[in-house]
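Residue numbers for the sequence shown follow this note's numbering, so the first one is 4 and each next one is one higher.
Ideal Cβ placement from N, Cα and C applies to all residues, glycine included.
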Amino acid sequence: MLLRTGNFLSVSRKWSSSDKLSLEFPISLRTEAISDDRPESASIQAILYGPYLLAGLSSGDWDLKTGTNTSQLDWITAIPPSYNSQLISLQQQSSNETFVLMNSNNTITMEKMPESGTDAALQATFRFVSENLNSSENSFIGKTVMMEPFDLPGLLVVQQGKNQTLAVGDTEGSSMFRVVKGLDGKGTVSLESVSQKGCFLYTGVNYKAGTKIKLSCQSGLKDAAFPQATSFKLSKGLSEYHPISFVANGAKRKFLLMPLLSMRDESYTVYFSRGA
Numbered sequence: 004m005l006l007r008t009g010n011f012l013s014v015s016r017k018w019s020s021s022d023k024l025s026l027e028f029p030i031s032l033r034t035e036a037i038s039d040d041r042p043e044s045a046s047i048q049a050i051l052y053g054p055y056l057l058a059g060l061s062s063g064d065w066d067l068k069t070g071t072n073t074s075q076l077d078w079i080t081a082i083p084p085s086y087n088s089q090l091i092s093l094q095q096q097s098s099n100e101t102f103v104l105m106n107s108n109n110t111i112t113m114e115k116m117p118e119s120g121t122d123a124a125l126q127a128t129f130r131f132v133s134e135n136l137n138s139s140e141n142s143f144i145g146k147t148v149m150m151e152p153f154d155l156p157g158l159l160v161v162q163q164g165k166n167q168t169l170a171v172g173d174t175e176g177s178s179m180f181r182v183v184k185g186l187d188g189k190g191t192v193s194l195e196s197v198s199q200k201g202c203f204l205y206t207g208v209n210y211k212a213g214t215k216i217k218l219s220c221q222s223g224l225k226d227a228a229f230p231q232a233t234s235f236k237l238s239k240g241l242s243e244y245h246p247i248s249f250v251a252n253g254a255k256r257k258f259l260l261m262p263l264l265s266m267r268d269e270s271y272t273v274y275f276s277r278g279a
């Protein structure tokens with residue numbers, strides 16, 4: 004039943020203590036232009052979902068790619084609740100300190116554990132993307148996965164060759180890893196390259212913050228450090244999706260959108276330049 008503005012809905016019946024009344028209110032995505040009549044501001048808009056102002060995780064980029072169709076559904080996609088179960092962080096101990104695998108300016112490094120609600124916590128969270136991944140499963144062992152940075156949806160952790168560092172890009176062919184039981188046998192996991200069997204994510208030992216991860220291969224020679232350097236504690240992601248989360252298409256990248264009220268110390272933008 005739809006009511007005109009200013010009218011009231013009357014519900015009259017004999018109520019009992021066990022009765023329940025459910026109200027459903029329509030809520031939709033929309034954009035609002037910035038309050039600035041200068042021509043150069045004509046394309047600057049905010050994105051709202053019902054009463055929620057959505058903020059996009061970004062450190063400067065704000066260019067959207069919406070196409071010529073004005074329907075929001077064409078360039079904004081809701082994130083399923085099940086995706087939270089696919090968020091992970093990979094941790095290691097080195098020199099009595101805990102380090103976590105992190106995307107540092109599109110290079111994969113090991114960094115000290117960050118505080119929650121920060122850019123670093125976002126950059127230390129990844130989503131395991133897999134066609135054969137059941138969201139109800141608690142174990143990723145044996146699964147073939149790709150690693151998507153939490154704050155850069157659509158991009159992936161990619162391999163650049165044997166003994167080379169890892170980067171972030173959009174090349175799916177070099178982004179496949181197999182999650183296996185940790186080579187150190189201590190309840191950890193190791194990530195083996197699908198395209199280059201026997202090659203794993205490798206950190207080294209007794210390293211410091213900023214150490215770059217590389218793809219290292221087992222050789223015929225016995226390397227006592229190899230099992231330790233390729234084994235990670237698989238933990239829940241340091242960040243998670245808000246129940247109201249979307250992905251918006253950008254000119255150069257995709258944006259993760261969440262309600263502004265859920266942000267803490269992360270970098271974000273609430274205004275976007277909307278282009279074709």
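Classify G185 as buried or exposed, calling it buried when 16 or more other Cβ atoms lie within 10 Å of its own Cβ. Classification for G185: buried.
Quick one: measure Cβ to Cβ for T272 and S61, integer angstroms, because I've assumed they're closer than 8 angstroms. A Cβ-Cβ separation of about 5 angstroms places T272 in contact with S61 under the 8 angstroms criterion.
Does DSSP put A170 in a helix, a strand or coil? Reduced to three states, the DSSP call for A170 is strand.
Bridge partners for E100 per DSSP, in chain order? According to DSSP, residue pairing for E100 in a beta bridge involves S97.
Mind checking if A212 is an interface residue toward chain C, Cβ cutoff 8 angstroms exclusive? Reference to chain C is not applicable here, since this structure consists of a single protein chain.
My assumption, with CB atoms under 8 angstroms, is that S46 sits in contact with R277. Please give the rounded CB distance. Taking C-beta atoms under 8 angstroms as the contact rule, S46 and R277 qualify, at a distance of about 5 angstroms.
Within 10 angstroms of the Cβ of M113, are there 16 or more other Cβ atoms? Answer buried if so, exposed if not. Around the C-beta of M113, 16 or more other C-beta atoms lie within 10 Å, and the residue is accordingly described as buried.
Classify S20 as buried or exposed, calling it buried when 16 or more other Cβ atoms lie within 10 Å of its own Cβ. Exposed.
What first and last residue would you give for the alpha helix (DSSP H) that runs through D122? Segment D122 to Q126, the alpha helix (DSSP H) holding D122.
Cβ neighbour criterion (16 or more within 10 Å) applied to R130: If you draw a 10 Å sphere on the C-beta of R130, you find 16 or more other C-beta atoms in it, and that means buried.
Is it true that the CB of V182 sits closer than 8 angstroms to the CB of I216? Result no, Cβ atoms of I216 and V182 do not sit closer than 8 angstroms.
Residues in the same chain with beta-carbon distance under 6 angstroms from S234, minus the five sequence neighbours each way, listed in chain order, please. These residues qualify, in order along the chain: G185, L186, D187, T191 and S193.
Determine the direct distance from the alpha carbon of M261 to that of S138, and round the result to whole angstroms. Confidence at S138 is low in this model, with a pLDDT of 49, below 50, so its placement is unreliable and no value can be given for it.
Label V161 either buried or exposed according to how many other C-beta atoms from any shown protein chain fall within 10 Å of its C-beta, with 16 as the threshold for buried. With at least 16 other beta carbons inside 10 angstroms of its own, V161 counts as buried.
If you scan the segment 169 to 221 from start to end, which runs of the beta strand (DSSP E) of 3 or more residues do you find wholly inside it? As for any beta strand (DSSP E) of minimum length 3 sitting wholly inside the segment 169 to 221, the runs are 170 to 172, 180 to 184, 192 to 196, 202 to 205 and 217 to 220, ordered along the chain.
Enclosing beta strand (DSSP E) for F249 [first to last residue]: Segment F249 to N252, the beta strand (DSSP E) holding F249.
Decide if D154 is buried, meaning its Cβ has at least 16 other Cβ atoms within 10 Å, or exposed. Here D154 is buried. Its C-beta has 16 or more other C-beta atoms within 10 Å.
Assess, as a yes-or-no matter, whether the segment 108 to 125 is touched by the segment 248 to 255 under the definition of 3 or more beta carbon pairs within less than 8 angstroms. Result no; under three Cβ-Cβ pairs closer than 8 angstroms.
Going by beta carbon distance, what residues of the same chain come within less than 8 angstroms of V14, once the five residues before and after it are set aside? Taken in chain order, the residues that qualify are L24.
Sort out for me which residues DSSP pairs F235 with in a bridge. Per DSSP, V192.
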